[in-house]
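*Asks:* Before I ask anything, here is the structure I am working with.
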Amino acid sequence: MRGIAAALLCLVLASCGAADQVPPRSSASSTSDTPTSTASTPAPLPPSSVAPTQAPPPLPTPSRALDPTLKTVRGTVSAGVEPGCTLLSTPGEQYLLLGADPAIAVDGAVVEVSGRPDPGAVTTCQQGTPFAVTRISRI
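Residues -18 to -1, 1 to 121 in mature numbering (1 follows the signal peptide of the UniProt record, and there is no 0) are what the sequence shown lists, from first letter to last.
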């Protein structure tokens, strides 16, 4: 049974290789030397019915000044009730500083902080509105 399967496999593989070969021309044939078929080129595509559009105007360069969520506040840094929580007290709000440079955001320092308030952020600190800091400097 294995011998028959091997013979069939050889026959199939041999016929696959022969499919790509062109049979040689016979000199006794009465056909002419001119080819009977010519390669066809695809027909050109019809012109587009859509009118060309102008390029859109360039987009403005991103600017923090244009970002409505960016906020800059000034206040005094203090430690929160929970360890590792740093607060910024301003006249109208208390912020929990997230990502502030610990060398600048020290207890008692008066600083200016830019960033984005993120009241939905989950933290272990129980005080202040979470505030993602992008820049901090002492005043």
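Cβ coordinates follow ideal geometry from the N, Cα and C atoms, glycine included.
No experiment lies behind these values; they were computed from the predicted model shown.
Helix, strand or coil, according to DSSP, for Ile118 in the structure here?
*Replies:* strand
*Asks:* Please work out which residues of its chain come closer than 6 Å, Cβ to Cβ, to Arg117, disregarding the five sequence neighbours upstream and downstream, and give them in chain order.
*Replies:* Taken in chain order, the residues that qualify are Ser96.
*Asks:* Answer yes or no: do Val104 and Ala82 have a C-beta to C-beta separation smaller than 9 Å?
*Replies:* Not a contact, by the Cβ cut-off of 9 Å.
*Asks:* Per DSSP, what kind of secondary structure is Gly90 in: helix, strand or coil?
*Replies:* coil
*Asks:* Taking the straight line between their C-alpha atoms, what separation do you get for Pro38 and Thr72?
*Replies:* 44 Å
*Asks:* Measuring only the C-alpha atoms, how far is Ile121 from Gln36?
*Replies:* C-alpha of Ile121 to C-alpha of Gln36: approximately 50 Å in a straight line.
*Asks:* Of the residues Thr51, Pro50, Val93, which one's Cα is nearest the Cα of Thr68?
*Replies:* Val93
*Asks:* According to the neighbour-count rule (16 or more other Cβ atoms, all chains shown, within 10 Å of its Cβ), is Ala61 buried or exposed?
*Replies:* Residue burial annotation: Ala61 is exposed, with fewer than 16 other C-beta atoms found within 10 angstroms of its C-beta.
*Asks:* Please classify Gly110: is it buried, with 16 or more other beta-carbons within 10 angstroms of its beta-carbon, or exposed?
*Replies:* Buried, since its Cβ has 16 or more Cβ neighbours within 10 Å.
*Asks:* Could you check which residue in Gly66, Ile86, Ala25 has the C-alpha nearest to that of Thr58?
*Replies:* Ile86
*Asks:* Is Gly97 helix, strand or coil by DSSP?
*Replies:* strand
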